[in-house]
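Participant:
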Amino acid sequence: MPPTWQPSAWGKALTSSGDWKLALHGDSVTVTLGGVAIVTAVEDVEAVVVTRGLFWSQIRLEVGEWVSRLYGIRSKDAAAFERAFAASLKSLQLRQRSAEFDAAARRASLD
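Residue numbers for the sequence shown follow UniProt numbering, so the first one is 1 and each next one is one higher.
Given below as structure tokens:
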């Protein structure tokens, strides 16, 4: 089961955040808002901005013109999402560079 994040019960009640959930799985991130899932490739996310508050934080995801602001998440959970997203993106970029290197090495050995 992929890691998921959502607002805490108190955060949901006190910030009027609504019902949302974030999930990272493979090379994609899923934002579920009111039961509707929006799946985006990790590499297509232009910005992840975590604004930390005293008790709860806000996560803002930007994908093209689509911006999602997710309120009411515990600050430590928001930080965990930020770290997990960064690790997922770094892993993807490493795999892409490795594939490019392998392709270049194959071309060089054919010459």
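We treat Cβ as the ideally placed atom computed from N, Cα and C, and that holds for glycine.
Bear in mind that the values here come from a model prediction, so they are computed numbers and not experimental data.
Look up Arg60 in the DSSP assignment and say whether it is helix, strand or coil.
Facilitator: Arg60 falls in the strand class under three-state DSSP.
Participant: Take Leu24 and list the residues in its own chain whose beta-carbon comes closer than 7 angstroms to its own, dropping the five residues that flank it on each side.
Facilitator: Closer than 7 angstroms at Cβ, skipping near neighbours: Pro2, Pro3, Ala84, Phe85, Ser88.
Participant: With three or more C-beta pairs closer than 8 angstroms as the rule, is the segment 55 to 66 touching the segment 7 to 19?
Facilitator: With the cut-off at 8 angstroms, the segment 7 to 19 and the segment 55 to 66 touch.
Participant: Specify whether the segment 39 to 51 and the segment 101 to 111 touch according to this definition: at least 3 beta carbon pairs, one from each stretch, less than 8 angstroms apart.
Facilitator: With a cut-off of 8 angstroms, the segment 101 to 111 and the segment 39 to 51 do not count as touching, because too few Cβ pairs lie within range.
Participant: Report the option in Gly26, Leu22, Ala41, Asp27 whose CA atom is closest to the CA atom of Gly35.
Facilitator: For Gly35, the nearest C-alpha among the options comes from Leu22.
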